[in-house]
Amino acid sequence: MLRLRDIKAYYQTPGAVVKAVDGVTLDVGENEILGIAGESGCGKSTLLKVLYGSLEPPLKIVAGKVEAELKNEGGKLVTLGPREIRKHWWRFISYIPQGSMSFLNPVVRIEQQFLDAVARKQQFTNKREIHERISSYLKELQLSIEVLNAYPHQLSGGMRQRVLVALGTFLHPEIVLADEPTTALDVVTQKGVLLMLAQVRERMKNSLVIVSHDIGLHYQIAHRIAIMYNGKIVEVGPTERVFEMPLHPYTQMLIQSLPRVGDHKHRQGISGRPPSLIDPPAGCRFAARCPFVMDSCREEMPPLLEIEPDHFVACYLHREPIQPGKGVR
Amino acid sequence: MSDLLLEIRDVTKVFKRGGVLFGTQFLAVDHVNLSLDRQKPSVLSIVGESGSGKTTLAKIILKLHEPTSGNVLLEGKSIFGTHSNLDSLGYYRTVQPIFQNPFETFSMRKQVDSYLYDTALNLKIAKDRKEARDIITDALSSVGLEINAVAGKYANQFSGGELQRISIARGLIPRPKLIVADEPVSMIDASLRMNIVNIFLSLKKKYHVSFIYITHDLSTAYYVSDYVAIMYRGDVIEYGSSDRVLTNPMHPYTELLLNSVPAVGKKWDRHLKLPDVELKEYQNTACKFANRCPFVQPVCRQNKPPRVQIPGDREVLCFKPVDYALDRTTLSLERETTYRDDLKVNLPGPESLSADGGGPKS
Amino acid sequence: MVKLNARLKTGGVLLLLFVVVGVILPRFSPYDPRSWNAVPRNLPPSQAHWLGTTSVGQDTFWLLTFAVQNSLFVGVVVAFFATTIGVFAGLIGGFLGSAIDRGLTLLMDVFISVPSLPILILVASLLQGKTSLLTISLVLIIFNWPWSARQVRSIALSMRERDFINTARFSGSGTLSIVVREIFPYVLTWSLANFVNTVLVAIATESGLAVIGLSSVEQATLGTMIYWGLQYQALLAHRWWWIGTPVIAIILLFIALFLASTGFADFSAERRGRKRA
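Chains as they are written, first to last, in the working numbering: chain A, 160 to 488; chain B, 16 to 377; chain C, 4 to 280.
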């Protein structure tokens with residue numbers, strides 16, 4: 160549906176060039192939940208901006224291709240380059256941002272914000288018709304209609320986030336992008352919002368891309384997970400497989416470091432820090448912190464190889480597929 | 016001499032919002048009783064969501080808020096009240112804090128080590144700067160840092176993890192008996208968290224320090240603490256050893272929390288439908304959890320639930336704690352990974368603070 | 004090499020000029036500014052008298068040097084004391100809170116809401132012509148300290164709850180030490196800006212008073228020069244050198260102070276920005 164081929168997106172500021180996304184190849188498939196996981200400074204938010212077409216200076220795509228294969232109004236498959244994506248994105252892609260309060264207009268009632276969003280996207284002539292549609296949609300999502308009459312500050316954080324989910328999915332976009340949709344929400348509300356998001360997607364059978372630093376979250380609801388480190392994808396594959404058999408040392412150490420209730424095993428964090436995005440090292444970005452580092456790791460960046468069907472990793476520890484797969488995904 | 020290191024005695028905190036005429040009251044902490052034993056250093060986690068009162072309670076212990084009623088006693092001496100028996104010096108030498116945001120813990124306009132020297136000299140741990148330097152070197156090495164890497168630098172020259180370590184080192188200087196850590200790793204990347212958490216465990220062992228560990232993360236609470244107190248809207252609704260409370264919860268809220276944690280290795284029960292927060296402000300019922308409780312009875316809305324003491328140093332604030340026989344699948348243990356044995360990680364030595372971070376020392 | 008921005012450079016140079024004129028040059032003056040008829044009257048600018056002479060027989064140029072000196076003196080003295088008192092009051096009130104804060108805030112509000120000019124006029128009239136620059140300065144100090152106090156107070160208030168203040172407490176630092184070492188550095192930049200502003204305000208007020216004759220008119224200040232010029236109809240008589248000089252001097256001085264203060268604000272913000280890197 161959405162194909163990213165060796166994308167390089169940099170922030171070009173007068174002081175320095177920040178190579179936030181430095182050669183990312185990734186597919187967003189149909190009817191799936193793709194999780195993009197990574198820690199602060201890995202470039203995942205920038206990657207999302209690339210997907211969304213929100214490329215304002217100093218952010219610029221320096222290299223690579225973005226292609227969208229989407230159904231146009233006639234139902235035919237159309238291939239779009241980045242410029243067309245930007246022109247038509249609102250029909251196909253919607254975005255649920257981080258931080259609900261900064262996105263919703265605090266002095267406008269929720270219903271009006273729905274109307275504003277809709278008016279921007281499509282032409283509905285009849286106000287009553289829109290109201291009906293919104294109300295029935297809210298009912299589908301099991302949100303109380305009272306929400307429409309409220310101002311954002313009257314709703315709890317969890318409710319606001321659900322409203323954003325409703326806003327983002329109302330026009331049935333083909334791809335929904337969610338950027339840390341549950342930060343600052345407590346654990347119970349978080350589960351509710353995420354399940355709601357997953358259920359909505361399940362019903363619409365579209366694609367959802369979630370960016371989050373919390374890999375536990377991805378474990379719970381993503382079908383596929385892509386691990387980002389220092390501007391590059393280091394591992395991508397079906398969630399079950401990646402957690403069962405993490406191939407990249409970073410993934411392994413990350414998963415191993417998480418404590419679990421019921422388990423007293425000693426946990427260890429990763430030592431050191433990721434390299435700078437302004438002046439990244441040649442070779443594998445994780446080399447300085449990797450317990451299995453070899454000479455070849457420092458010389459050249461390992462390519463993303465398919466080690467088993469649909470499970471890719473960029474690491475010299477894995478040079479050959481265990482089972483042959485279909486190719487780059 | 017009391018055999019309690021810390022005693023939180025019936026502490027209540029009410030915040031008044033708004034003006035004299037139209038103000039409202041907000042009950043942040045509601046008659047909380049908790050204690051820490053003197054003989055054996057232990058870690059008590061106070062777990063709760065935002066609004067639970069855990070941060071306010073921590074601030075009360077740190078004397079940053081005064082309780083509306085009740086008192087806090089350190090080694091038998093009260094820290095509040097006009098005839099408070101514990102003087103400042105004695106207090107600061109017994110209790111030290113770790114704050115949540117490492118970048119706010121130190122002023123950006125002062126050199127970080129100035130705080131270390133201040134602590135050593137003001138609290139009379141060292142006689143002069145030379146002795147202070149030795150003590151500081153020692154404290155820094157306990158957290159894996161070298162003094163030459165810290166001396167003369169400003170806070171913005173360090174990473175969050177490093178600053179948090181420096182903060183711990185500073186707190187260690189007076190060899191306190193109690194460290195109150197307020198969500199110390201919530202602003203630190205997941206892969207780096209356990210480095211800090213493990214420091215707490217090593218300090219408990221090496222220096223016999225007890226900890227009050229405030230967090231909303233149950234998994235970390237399980238890992239680091241001996242005891243856990245679950246807070247909900249000002250009440251401690253469950254308390255006991257972390258092992259037992261978190262693997263065998265008795266309060267529906269604890270159960271709810273455990274089921275909502277996005278843990279790796281245990282999938283959510285998606286059919287567990289539990290009511291979420293209402294549109295308007297919480298409607299006040301006698302049991303504060305009544306509106307969200309799947310086992311709510313009429314009595315819960317009318318009377319305050321009793322504090323049930325369960326043998327084995329455990330308590331629950333509920334009308335029918337033991338009857339909640341939810342179909343509990345045992346929390347699964349860590350899934351056995353299928354990768355090779357040689358992929359085990361060595362314990363790294365003191366972190367070098369060079370730009371590229373350095374790898375673990377072999 | 005420290006890079007100064009254009010504003011700061013221009014403002015700095017102008018100020019330096021004024022300092023030279025006001026502080027150094029008066030020592031060389033061959034005339035006493037208070038004596039009249041020392042030179043022939045109403046002469047236009049010439050070799051002997053660079054800015055001409057006044058209607059009461061003073062050399063305009065040398066008179067100017069004393070005028071600048073006295074105006075600067077008033078400005079700096081008022082600014083210094085007003086800012087110092089203001090910073091103290093603001094820090095104490097903001098940081099300590101409770102009754103002390105309430106008392107100080109009341110004082111601040113009183114002096115801010117009461118307009119200073121009528122009071123000054125009242126004081127001047129009561130003293131019936133015996134007003135000295137010192138008296139005026141005193142009154143100006145009393146009316147100007149609240150401005151910086153309020154600003155400093157709000158900074159201190161907002162910083163009270165920050166974690167590093169608590170870190171300092173747990174490091175055994177006392178209240179005074181915290182106020183001076185933790186809070187004051189943040190207040191410093193504001194204080195400097197306040198200082199410069201107060202210089203402006205003080206000079207402007209004194210000049211204003213002088214023009215209506217309520218300042219110490221025997222003393223030479225930029226304002227009194229204008230006053231005497233007006234008294235002797237310098238405008239009507241086209242003796243622009245006498246009345247023009249102080250007016251232009253005031254304008255230039257204000258521009259210089261403004262440029263220097265905003266230039267410095269930009270400069271320190273930049274430095275802090277770079278330090279954060």
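Beta carbons are placed, not taken as given, at the ideal position from N, Cα and C, and that holds for glycine.
Handout entry: Any chain A beta carbon closer than 7 Å to T235 (chain B)
Key = Against chain A, the CB of T235 (chain B) has a partner CB under 7 Å away; the residue lies at that interface.
Exercise for the section: Give a yes or no on contact between the region 234-249 of chain B and the region 63-80 of chain B, applying the rule of three or more CB pairs nearer than 8 Å. Expected result: As far as the Cβ criterion goes, the region 234-249 of chain B touches the region 63-80 of chain B, which means the pair count is three or higher.
Practice task
Answer with yes or no whether the minimum CB distance from Q427 (chain A) to chain B is below 7 Å.
Solution key: The beta-carbon of Q427 (chain A) is placed less than 7 Å from the nearest beta-carbon of chain B.
Exercise for the section: Could you tell me whether the Cβ of D284 (chain B) comes closer than 7 Å to any Cβ of chain A? Expected result: No, no contact with chain A.
Problem - Status (buried if at least 16 other CB within 10 Å, exposed otherwise) for R362 (chain A) - result: Under this definition R362 (chain A) is an exposed residue.
Handout entry: Chain-ordered residues of the region 181-200 of chain B with a beta carbon less than 8 Å from chain C
Key = Per Cβ criterion, the list reads S182, R185 and G186.
Problem - Where the alpha helix (DSSP H) containing A154 (chain B) begins and where it ends - result: R144 to S157 is the span of the alpha helix (DSSP H), which, as asked, contains A154 (chain B).
Exercise for the section: Return helix, strand or coil for Q415 (chain A), following the three-state DSSP convention. Expected result: Helix.
Exercise for the section: Look at T68 (chain C) and L20 (chain C) and say whether their C-beta atoms are less than 7 Å apart. Expected result: A distance of 7 Å or more separates the beta carbons of T68 (chain C) and L20 (chain C).
Handout entry: Alpha-carbon spacing of V306 (chain A) relative to E291 (chain A), whole angstroms
Key = Their Cα atoms are separated by approximately 14 Å.
Exercise for the section: Flag L42 (chain B) as yes if its beta-carbon sits less than 7 Å from any beta-carbon of chain A, otherwise no. Expected result: For L42 (chain B), the answer is no, since every Cβ of chain A falls outside 7 Å of its Cβ.
Exercise for the section: Could you have a look at D21 (chain B) and say whether DSSP puts it in helix, strand or coil? Expected result: Note on identity: in this sequence residue 21 (chain B) is Leu, with Asp being the wrong assignment. DSSP, read as helix, strand or coil, puts L21 (chain B) in strand.
Exercise for the section: Assign E228 (chain A) to one of three DSSP states: helix, strand, or coil. Expected result: Strand, per DSSP.
Practice task
Please work out which residues of its chain come closer than 8 Å, Cβ to Cβ, to A236 (chain B), disregarding the five sequence neighbours upstream and downstream, and give them in chain order.
Solution key: The residues are S60, V62, Y228, T230, V243, S257 and L261.
Practice task
For T56 (chain C), name the three-state secondary structure that DSSP assigns.
Solution key: The answer is strand: DSSP assigns T56 (chain C) an E or B state.
Exercise for the section: Mark R274 (chain C) as exposed unless 16 or more other C-beta atoms lie within 10 angstroms of its C-beta, in which case mark it buried. Expected result: Exposed: under 16 other Cβ atoms inside 10 Å.
Handout entry: When A:H331, A:H312 and A:Y378 are compared against G533 (chain A), the one with the closest alpha-carbon
Key = Nothing about residue 533 (chain A) can be read from this structure; chain A reaches only from 160 to 488.
Problem - Below-7 Å beta-carbon distance, V279 (chain B) vs any chain A residue - result: Output row for V279 (chain B): interface = yes.
Problem - Residues near L19 (chain B) in its chain [Cβ-Cβ closer than 8 Å; skip 5 each side] - result: Excluding residues within five positions, the ones whose Cβ falls inside 8 Å are S50, L51, D52, R53, L88, E90 and G91.
Handout entry: For E394 (chain A): DSSP bridge partner residues
Key = As computed with DSSP, E394 (chain A) is found in a beta bridge with A:I386 and A:V472.
Handout entry: Separation of R285 (chain B) from L354 (chain A), as counted between CA atoms
Key = A straight-line Cα-Cα distance of about 8 Å links L354 (chain A) and R285 (chain B).
Problem - Within-7 Å CB hit, D166 (chain C) to chain B - result: At a cut-off of 7 Å between C-beta atoms, D166 (chain C) counts as an interface residue with respect to chain B.
Handout entry: Identity of the residues DSSP links to Q324 (chain B) by a beta bridge
Key = Bridge partners of Q324 (chain B) according to DSSP: B:E330.
Exercise for the section: Within its chain, find whatever has a CB closer than 7 Å to the CB of F95 (chain B); leave out the 5 residues flanking it on each side and keep chain order. Expected result: Hits under 7 Å: E81, P82, N86 and V87.
Practice task
For chain A, find out if any of its Cβ atoms is closer than 7 Å to the Cβ of M246 (chain B); answer yes or no.
Solution key: Interface flag for M246 (chain B) against chain A is unset, since no Cβ pair is found closer than 7 Å.
Handout entry: Within-7 Å CB hit, Y475 (chain A) to chain E
Key = The structure shown has no chain E; the protein chains it does contain are A, B and C.
Handout entry: Beta carbon of N45 (chain C) nearer than 7 Å to that of F270 (chain C)
Key = No, the Cβ-Cβ distance between N45 (chain C) and F270 (chain C) is not below 7 Å.
Practice task
Measuring alpha carbon to alpha carbon, tell me which of C:G232, C:A85, C:T87 and C:S218 ends up nearest L129 (chain C).
Solution key: Nearest C-alpha to L129 (chain C): C:S218.
Exercise for the section: Would you tell me roughly how many angstroms separate the C-alpha atoms of Q224 (chain C) and G14 (chain C), rounded to the nearest one? Expected result: Residue 224 (chain C) is actually Thr in this sequence, not Gln. Straight-line measurement puts the Cα of G14 (chain C) at about 22 Å from the Cα of T224 (chain C).
Handout entry: Per DSSP, cross-strand counterpart(s) of G38 (chain B)
Key = None; G38 (chain B) has no bridge partner.
Practice task
Measure how close the beta-carbons of V370 (chain A) and S204 (chain A) come, nearest whole angstrom, since I'm counting them as under 8 Å.
Solution key: With a Cβ gap of about 6 Å, V370 (chain A) and S204 (chain A) count as contacting.
Practice task
Look at the alpha carbon of L356 (chain A) and the alpha carbon of R319 (chain A), and state the distance between them as a whole number of angstroms.
Solution key: Between the C-alpha atoms of L356 (chain A) and R319 (chain A) there is a straight-line separation of about 13 Å.
Practice task
Please state if the CB of G197 (chain A) and the CB of M404 (chain A) are separated by a distance shorter than 7 Å.
Solution key: In terms of Cβ geometry, M404 (chain A) and G197 (chain A) do not form a close pair [threshold 7 Å].
Handout entry: Residue of B:V224, B:V331, B:V314 and B:P326 minimising C-alpha distance to R108 (chain B)
Key = Comparing C-alpha distances from R108 (chain B) to each of B:V224, B:V331, B:V314 and B:P326 shows the shortest one belongs to B:V224.
Practice task
Measure from the C-beta of R259 (chain B) to each C-beta in chain A and report whether the shortest distance is under 7 Å.
Solution key: Put simply, the CB of R259 (chain B) is far from chain A, with every gap to its CB atoms at 7 Å or more.
Exercise for the section: Might you give, ordered along the chain, the residues of its own chain that have their beta carbon closer than 8 Å to the beta carbon of L11 (chain C), omitting 5 neighbours on each side? Expected result: Beyond the five residues adjoining it in sequence on each side, L11 (chain C) comes within less than 8 Å, by CB distance, of L262, A263, G266, F267, D269 and F270 in the same chain, given in chain order.
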